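Undergrad: Before I ask anything, let me first share the structure, which is written out below as structure tokens.
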Amino acid sequence: MKISRISVFQLGMPLTKPYFLSGGRLRFEQLDSTFVKIESDDGLVGWGEGCPWGHTYLPAHGAGIRAGIEALAPALLDEDPRSLDHINRIMDLALPGHPYAKSPLDMACWDLLGQSAGLALWQIMGGASALPVPVNSSISTGTPQEMIDLINKASAKGYRTHSAKIGGADIALDIERIEAISAALPANEKVTFDVNRAWSPGVAIQVLNSVTARDWVEQPCQTLEQCAQVAQRVANPIMLDECLHDFNDHLDAWKMRSCEGVKVKPNRVGGLTKARQIRDFGVSVGWQMHIEDVGGSALADTAAIHLASSTPEANRLASWLGHDHLVIDPVPGQGARNRNGFATPPTMPGLGLTPDLDLLGDPVAVYCG
Ligand code: MG
């Protein structure tokens, strides 16, 4: 099997309402998503999606994906999409770094591998059955009462795990948020307080030692070194996210005893191939992981749910679904969806979904021999 054509589509995806991170420092209203269609010489079609969460969250932006693909796609033509490690080596040679631009291409190749093998991705990734994965809500920064109201709304939709976004300039308000949410949360629900790197180590140590926080604290500071300093001096388990970009970062995180868990996001680390390597490392060292994508429609969500579903339950926490925040649905009704607090990957070969071509419109770029 050889790659014969790569088509790239761009889609602006408005959020149902503005979303605030990091104490309101970061605001999002619309996502810029890139869909990739890879056709093979034997007639199979694979799909991938790359969608940064705006351009202020990570060193990634929508137009950057399409510029990266311009450099990567010609090198992939005539290669066998099923040879995933080979495909990734070609991409790393053609364009060092820029992992987020490689992710949709890698994802579409996984889709082709699954279809050609007649297997769903959760099976190729090591799962024994299409296990449902608990879903994780995402609670935008607000006053303590606004955040509790959002948690209650999410609970009504089946969510039992919540990611509460904190980390403002006002330390006293962050303490209030943590105390109020920890006290209001029912015993059978869980929360991660996601600081989105807003605190300095001194602030993190001060805040976290003056509250009784439930469950996990995520990405308290900007760098891995700063987070490691905090992890040594607080009681809560630490989850890391934005400071981890490649496998070596994860190795360093483990060596520095900086966390007890990580977010595994294909678009942040370069695709499903690299996310799976990190997932396997995380299982080896006993981490607990949220496996989900950075953003996107149910296509990107479903790819991540295949990986999450194939991960031992002891090592996976809940997965966030980006498509739950969107006005539009580019893969209408398909893929992994929240069903009373759980998302289950499709059992069809490959990713198991096809985008609505009318919604995607004409490709913005086509690469072929
Ligand atoms: Mg996070």
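According to my numbering, the sequence shown is numbered sequentially starting from 185.
Just so you know, even glycine gets a beta-carbon here, dropped at the ideal spot from N, CA and C.
Here the structure is a predicted model, which is why all the values come from computation and not from measurement.
#1: Kindly indicate which three-state DSSP category C405 falls into: helix, strand or coil?
#2: Could you check whether N372 and A349 sit closer than 8 Å to each other, using their CB atoms as the reference points?
#3: Specify whether the region 326-334 and the region 245-259 touch according to this definition: at least 3 beta carbon pairs, one from each stretch, less than 8 Å apart.
#4: May I ask which residues mark the beginning and end of the alpha helix (DSSP H) holding Y284?
#5: So, at 6 Å on beta carbons, what are the nonlocal neighbours of E223 in its own chain, with the 5 sequence-adjacent residues on each side left out?
#6: Is Q403 near the ligand MG, with its Cβ less than 7 Å from a heavy atom?
#7: For the ligand MG, I want to know if N380 counts as a neighbour, meaning its beta carbon is within less than 7 Å of at least one of the ligand's heavy atoms.
#8: Suppose contacts are defined by Cβ-Cβ distances below 8 Å. Is W237 in contact with S347 by that definition?
#9: Quick check: does the Cβ of K221 come within less than 7 Å of any heavy atom belonging to the ligand ADP?
#10: Are there three or more Cβ pairs, one per stretch, closer than 8 Å when the region 279-289 is compared with the region 242-252?
#11: Between the Cα of W383 and the Cα atoms of E402, A520 and I365, which residue gives the shortest distance?
#12: Where in the region 452-537 do unbroken runs of the alpha helix (DSSP H), each at least 4 residues long, occur, reported from the N-terminal end onward?
#13: Tell me whether P404 is buried or exposed, calling it buried when 16 or more other Cβ atoms sit within 10 Å of its Cβ.
#14: Would you call G307 buried or exposed, if buried means 16 or more other Cβ atoms sit within 10 Å of its Cβ?
#15: Based on Cα-Cα distance, which residue from H282, G525, C552 and A301 lies nearest to S267?
#16: What residue does the alpha helix (DSSP H) around D358 start on, and which one ends it?
#17: For the putative contact between G298 and G454, defined by C-beta atoms under 8 Å, what is the C-beta separation to the nearest angstrom?
#18: Just the C-alpha distance for D269 and T457, rounded to the nearest angstrom, thanks.
#19: Does the structure place the region 459-469 close enough to the region 486-499 that three or more beta carbon pairs sit under 8 Å?
#20: Along the chain, where does the beta strand (DSSP E) containing M423 start, and where does it finish?
#21: So, under 8 Å CB-CB, L195 and S217 are touching, yes? Tell me the CB distance rounded to an integer number of Å.
#22: Compute the distance between the beta-carbons of V446 and H429, then report whether it is under 8 Å.
#23: Specify, as a first and last residue, the run of the alpha helix (DSSP H) that A314 falls within.
#24: Going by C-alpha to C-alpha distance, which of R211, P283 and W231 sits closest to K449?
TA: Reading from the atomic positions:
#1: coil
#2: The amino acid occupying residue 349 in the given sequence is Lys; Ala does not appear at that position. No.
#3: no
#4: P283 to A301
#5: S188, R189 and V229
#6: yes
#7: yes
#8: no
#9: Among the ligands modelled here, namely the ligand MG, the ligand ADP does not occur.
#10: yes
#11: E402
#12: 456-469 and 482-493
#13: buried
#14: It should be noted that the sequence gives Gln, not Gly, for residue 307. Q307 comes out buried.
#15: A301
#16: I355 to A368
#17: The pair is not a contact, with the Cβ atoms about 19 Å apart (cut-off 8 Å).
#18: 7 Å
#19: yes
#20: I422 to L424
#21: 5 Å
#22: no
#23: Careful: A314 lies outside any alpha helix (DSSP H) and carries neither H nor E.
#24: P283
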